[in-house]
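Undergrad: Mind looking over this structure? Questions follow.
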């Protein structure tokens, strides 16, 4: 076992995932503030990747910038993952608490976030023909984060490899269900709003008339 600062624990988990996340669990370490900071950085990385990536690499350029989809793809997806994983693993006798799942999941995203920033920076100095190197950096970061996420969930719930894989598949399925229900709920609220607004508008016209 080791003793680290909060940032030291993050570095330990990123570079030594097998023992890092196990140590994090048994030593009851991990900072919620750092985890939330990572989630914010995930959102910032999405915005930077959308707006500041080299022009020749930006196939989705539009004059009107809409931040909502990026907010959904980062913050909403992250917390949906956390809630879905906690829900599923509670049924599968997982030992992880909601806070631990949130911290471990956020720590696992660090390589992906770093790779996005590096990719965006390099894209402004590289030619389109050199895109293979940008893709290599991006997918290396993504792959590293996938490995970290797998080990993070394995450690926090104390699962076997097979059960961890099974729980992640169920978590993704639960995420899809939660997101689908959220869309239905938002659609329902929108219809209710339009209904009452129509009534209000009609009454206003009649009173003025």
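In the numbering used here, the protein residues as written are 1 to 209.
Glycine residues also receive a C-beta, built at the ideal position from the N, C-alpha and C atoms.
Classify residue 12 as helix, strand or coil using the three-state DSSP reduction.
TA: Residue 12 falls in the helix class under three-state DSSP.
Undergrad: Using only the alpha-carbon positions, how far apart do residue 205 and residue 190 sit?
TA: Answer to the nearest angstrom: the Cα atoms are 22 Å apart.
Undergrad: Taking only the alpha-carbon atoms, compute the straight-line gap between residue 113 and residue 129 and give it to the nearest angstrom.
TA: Those two C-alpha atoms are separated by around 24 Å.
Undergrad: Quick one: measure Cβ to Cβ for residue 75 and residue 47, integer angstroms, because I've assumed they're closer than 8 Å.
TA: So it is not a contact: roughly 12 Å between Cβ atoms.
Undergrad: What would DSSP say about residue 28, mapped onto helix, strand or coil?
TA: Coil, per DSSP.
Undergrad: Write down the C-beta distance between residue 84 and residue 174 rounded to the nearest angstrom, noting that I regard them as a contact closer than 8 Å.
TA: Residue 84 to residue 174, Cβ: 4 Å. Contact.
Undergrad: Can you tell which of 143, 150, 202 has the C-alpha that lies nearest to the C-alpha of residue 81?
TA: Taking only the C-alpha atoms, the option nearest residue 81 is 150.
Undergrad: Distance, Cα to Cα, residue 34 vs residue 24?
TA: Computed Cα separation, rounded: 14 Å.
Undergrad: Between the Cα of residue 26 and the Cα atoms of 42, 135, 3, 40, which residue gives the shortest distance?
TA: Cα-wise, what sits closest to residue 26 is 3.
Undergrad: Just confirm the distance between the C-beta atoms of residue 101 and residue 156, as a whole number of angstroms; I'd bet it's less than 8 Å.
TA: Indeed, because the Cβ distance is near 6 Å, the residues count as touching under 8 Å.
Undergrad: Once you ignore the five residues that flank residue 183 on each side, which residues in its own chain have a CB closer than 7 Å to its CB?
TA: Once the five neighbours on either side are set aside, residue 183 has no close Cβ partner at all.
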